[in-house]
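One structure below.
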Amino acid sequence: MAPVEPQVIVKEVVKYVDRIVEREVPVERSIESANKIDSAENVAERKRLADDLRRVTARCAALDDECADARAAHRRDAAKLAEQIESLRDALSRESASTSVLKAEAEKWRAMYDAVRDDASNDSQARAEADALRMSVQHAEDRHRRELMLLGTEHGNAYAAMRKSVAAAEKRCADLESQVEAAERRFGEEEKRRREADDKRAELERQLRLLQADTRTNADRAMSSARDLMDQLSSADARIRVLQDQKEELAKKLAEMEETNTKLLGQNSGSDWRLIAAEAKLKQTADHLASEQQETARLNAEIDKLTEQVRLARDTARASATNDLPGVIAGLEAEIATLQKKHKLALEQEKELAAAEAERVKLLHEAEVRKLTSLQEAEQLRLTELDRRTAELLATEKEIRASTEEEAKRLRADKEALREELSQIKDDLRGAKADLTSLEKALRDSVEQNNELREKNEELRAQKAKVQERVVEVPGPERIVTKE
Numbered sequence: 001m002a003p004v005e006p007q008v009i010v011k012e013v014v015k016y017v018d019r020i021v022e023r024e025v026p027v028e029r030s031i032e033s034a035n036k037i038d039s040a041e042n043v044a045e046r047k048r049l050a051d052d053l054r055r056v057t058a059r060c061a062a063l064d065d066e067c068a069d070a071r072a073a074h075r076r077d078a079a080k081l082a083e084q085i086e087s088l089r090d091a092l093s094r095e096s097a098s099t100s101v102l103k104a105e106a107e108k109w110r111a112m113y114d115a116v117r118d119d120a121s122n123d124s125q126a127r128a129e130a131d132a133l134r135m136s137v138q139h140a141e142d143r144h145r146r147e148l149m150l151l152g153t154e155h156g157n158a159y160a161a162m163r164k165s166v167a168a169a170e171k172r173c174a175d176l177e178s179q180v181e182a183a184e185r186r187f188g189e190e191e192k193r194r195r196e197a198d199d200k201r202a203e204l205e206r207q208l209r210l211l212q213a214d215t216r217t218n219a220d221r222a223m224s225s226a227r228d229l230m231d232q233l234s235s236a237d238a239r240i241r242v243l244q245d246q247k248e249e250l251a252k253k254l255a256e257m258e259e260t261n262t263k264l265l266g267q268n269s270g271s272d273w274r275l276i277a278a279e280a281k282l283k284q285t286a287d288h289l290a291s292e293q294q295e296t297a298r299l300n301a302e303i304d305k306l307t308e309q310v311r312l313a314r315d316t317a318r319a320s321a322t323n324d325l326p327g328v329i330a331g332l333e334a335e336i337a338t339l340q341k342k343h344k345l346a347l348e349q350e351k352e353l354a355a356a357e358a359e360r361v362k363l364l365h366e367a368e369v370r371k372l373t374s375l376q377e378a379e380q381l382r383l384t385e386l387d388r389r390t391a392e393l394l395a396t397e398k399e400i401r402a403s404t405e406e407e408a409k410r411l412r413a414d415k416e417a418l419r420e421e422l423s424q425i426k427d428d429l430r431g432a433k434a435d436l437t438s439l440e441k442a443l444r445d446s447v448e449q450n451n452e453l454r455e456k457n458e459e460l461r462a463q464k465a466k467v468q469e470r471v472v473e474v475p476g477p478e479r480i481v482t483k484e
C-alpha cells in the first residue's frame with residue numbers, strides 16, 4: 001500500500017467529524033419530534049443510524065490503517081536519513097584517515113628533504129635523490145589533487161542531498177503544523193458543538209419531564225373522572241333498584257286491590273268504568289310515582305263507587321222483582337271486566353317500559369364502562385409507548401454520545417500522535433542539522449588542512465629550488481646544470 005500523506009489523513013478525519021456533527025442535528029430533531037412520528041419510522045431511523053455507525057466504524061478502521069502506513073513510511077524515511085548521515089560520517093572518517101596519511105607523508109618528505117639538504121654538499125647522489133624527490137612530490141601532489149577533487153565532489157553531492165532532504169523535512173513540518181492547527185480548531189469546534197448538544201439534550205430532558213408530568217396529571221384526571229362516572233353509574237343502579245322496588249310494591253298493592261274488589265263485587269257484579277293509564281318516564285321517578293299513587297287512589301275511589309252502585313242495585317232488585325236488573329248487572333260486570341283488562345294492560349305496559357328503561361340504562365352503563373375501560377387501556381398503552389419511545393430515545397442518545405466521546409477520544413489520541421510525530425521529526429531535523437553542521441565544520445577543517453599542506457608543499461618546492469640553485473658542479477665526465 002502506498003504511504004498516505006498526514007494532510008490527507010487529517011482532511012479525512014475533519015470530513016468524518018463534520019459528518020458526525022451533521023448527523024447529530026437530524027438525531028436531535030428526531031428526538032424533538034419523537035411524539036409525532038410512527039414506530040415504523042423509528043425502526044427505519046434506527047436501522048439507518050446502525051448502518052451509518054457501521055460505515056463510520058469501517059471508515060475509522062481504514063483511517064487507522066492509513067495512519068499506520070503513514071507512520072511506517074515516516075519510519076522508513078527516518079531510517080534512510082540515518083543511513084545517509086552514517087554514510088556521510090564514514091566518508092568524513094575516510095577523509096580524516098586520508099588527511100592523516102597525507103600528514104605522515106608530508107612529515108616523511110620533510111625529513112627526507114632535511115636529510116638531503118644536510119648531505120647535499122658532500123653526497124654524490126644528491127641530484128638523483130633530488131630528482132626522485134621532485135618526481136615523488138609531483139606524483140603525491142597529483143594524487144592529492146585528484147583525491148581532493150573526488151572528495152569535494154562527494155561532499156558537494158552529499159551536502160546538496162542533505163540540504164534537499166532538510167528542506168523537504170521542513171516543508172513536511174510546516175504542513176504538519178498547519179494540519180495540527182486546523183485539527184485543533186476542528187477539535188475546538190467539535191467541543192463547542194458537543195456542549196451545544198449537551199445543552200439541547202438537557203432542554204429535551206426538561207421538556208420530557210414536563211411532558212411526563214402532564215401525562216401523569218391527565219392520567220390522574222382520567223382516573224378520577226372514571227371513578228366519578230362509576231359512582232354515578234352505581235347511584236343510577238341504586239335508583240333503578242329503588243324504582244323497581246317501588247314498582248313491585250305498587251304491583252302488590254294493585255293485586256291486593258283487585259282481590260278486594262273481587263271479593264266485594266263477586267262474579268255477577270258489573271258497572272261501566274274507564275281506566276285512564278298514565279305514562280311516565282323512568283328518568284322522572286318522583287313524578288311517575290306520584291301519578292301512580294293518584295291513579296291508585298282514583299281506582300280505589302271508583303271501586304268504592306261501583307261497590308256502592310252494586311249495593312244500591314241489589315237493594316233496588318230486592319225492592320222491585322219485576323225490574324230489568326240482570327241486564328244492568330251484566331253490563332256493569334262487562335264494564336268492570338273491561339276496566340280490569342285495561343288496568344292489567346296498563347300495568348304490563350308500565351312493567352315493559354320500566355324493563356326497557358332499565359335495560360337501556362344498563363346498556364348505557366355497560367357502554368360507558370367499556371368506553372372508560374378502552375380509554376384507560378388506550379391511555380395506558382400510550383403511556384407505555386411513550387415510556388418505550390423515551391427509553392429508546394435515551395438509549396439512542398447515550399449511544400450517540402458514547403460514539404461521539406469515543407470519536408473525540410480517538411481524535412485526541414490522533415492529535416497527540418501527530419504531535420509526537422511532529423516532535424520526533426523536529427528532533428530528527430535538529431539532529432540532522434547538528435550532523436550537517438559537524439560535517440560542514442569537518443569539511444572546513446579538512447579544507448584548512450589541505451590549504452596548510454598546500455602551503456607546506458609550496459615551501460618544500462621553494463626550499464628544493466633553493467637547494468638546486470646551491471648545488472655546485474661535481475668533477476667528472478658529466479656536468480650538472482644548476483638550474484632546469
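Residue numbering for the sequence shown follows the UniProt record's numbering, beginning at 1 and increasing consecutively.
Positions of the beta carbon are idealized from the N, C-alpha and C atoms, including for glycine.
Just so we're clear, the structure is a prediction, and the values are computed from it rather than from any experiment.
Sort the options by Cα distance to residue i and report the nearest one.
i, options, result
"Arg401", "Ala78, Glu190, Lys341 and Glu448", "Glu190"
"residue 540", "Arg410, Asn451 and Glu416", "With the chain covering only 1 through 484, there is no way to say anything about residue 540."
"Asp131", "Ser178, Met112, Asp199 and Leu148", "Met112"
"Thr99", "Val56, Asp175 and Glu141", "Glu141"
"Arg449", "Arg186, Glu405, Thr396 and Glu95", "Note that residue 449 is Gln in the sequence shown here, rather than Arg. When each option's Cα is compared against that of Gln449, the closest is Glu95."
"Ser403", "Val43, Lys47, Ala44 and Asp52", "Asp52"
"Thr390", "Ala417, Gln207, Gln463 and Thr373", "Gln207"
"Glu177", "Glu416, Ala378 and Gln463", "Glu416"
"Arg172", "Lys441, Glu421 and Val43", "Glu421"
"Arg410", "Ala61, Thr384 and His74", "Ala61"
"Ile184", "Arg89, Ala174 and Arg419", "Checking the displayed sequence, the identity of residue 184 turns out to be Glu instead of Ile. Considering only alpha carbons, the answer is Arg419."
"Arg163", "Thr437, Ala462 and Arg444", "Thr437"
"Arg59", "Arg48, Gln463, Glu407 and Leu88", "Glu407"
"Leu383", "Lys441, Ala213 and Lys342", "Ala213"
"Ser423", "Glu248, Arg194, Glu170 and Lys371", "Glu170"
"Ser87", "Ala161, Glu359, Arg54 and Ala50", "Ala161"
"Leu49", "Glu392, Glu205, Glu196 and Phe187", "Glu392"
Going by DSSP in three states, residue i sits in which element: helix, strand or coil?
i, result
"Ala321", "Because Ala321 carries a pLDDT of 45, less than 50, the predicted location of this residue cannot be relied on, and no value is offered for it."
"Ser271", "Caution applies to Ser271, whose pLDDT of 40 falls short of 50 and renders its modelled position unreliable; the value that the coordinates give is listed next. Here Ser271 sits in coil by DSSP."
Here's the rule: buried if 16 or more other CB atoms are within 10 angstroms of the residue's CB, otherwise exposed. What is residue i?
i, result
"Glu455", "exposed"
"Asp435", "buried"
"Asp414", "buried"
"Val101", "exposed"
"His144", "buried"
"Ser136", "exposed"
"Leu453", "buried"
"Gln179", "buried"
"Lys281", "Unreliable positioning characterises Lys281 in this predicted model, as indicated by a pLDDT of 46, which lies under 50. A coordinate reading is not provided."
"Leu345", "exposed"
"Ala34", "Summary for Ala34: the model assigns pLDDT 46, below 50, so the residue's position carries little reliability, and this model does not support an answer."
"Leu81", "buried"
What does a CB cutoff of less than 8 Å around residue i pick up in its chain, not counting 5 residues either side in sequence?
i, result
"Thr394", "In the sequence as displayed, the identity of residue 394 is Leu instead of Thr. Correct list: empty, nothing qualifies."
"Arg430", "none"
If I measure Cβ to Cβ from residue i and keep anything under 7 Å in the same chain, skipping five residues before and after, which residues do I get?
i, result
"Glu154", "Ala91"
"Glu147", "Ser98"
"Arg201", "Glu397"
"Glu203", "none"
"Asp324", "Interpretation of Asp324 is limited by its pLDDT of 48, a score under 50 that renders its predicted location unreliable; no figure is taken from the coordinates."
Within the same chain, show all residues whose beta-carbon is closer than 6 Å to that of residue i, passing over the 5 residues directly before and after it, in chain order.
i, result
"Ile85", "Asp435"
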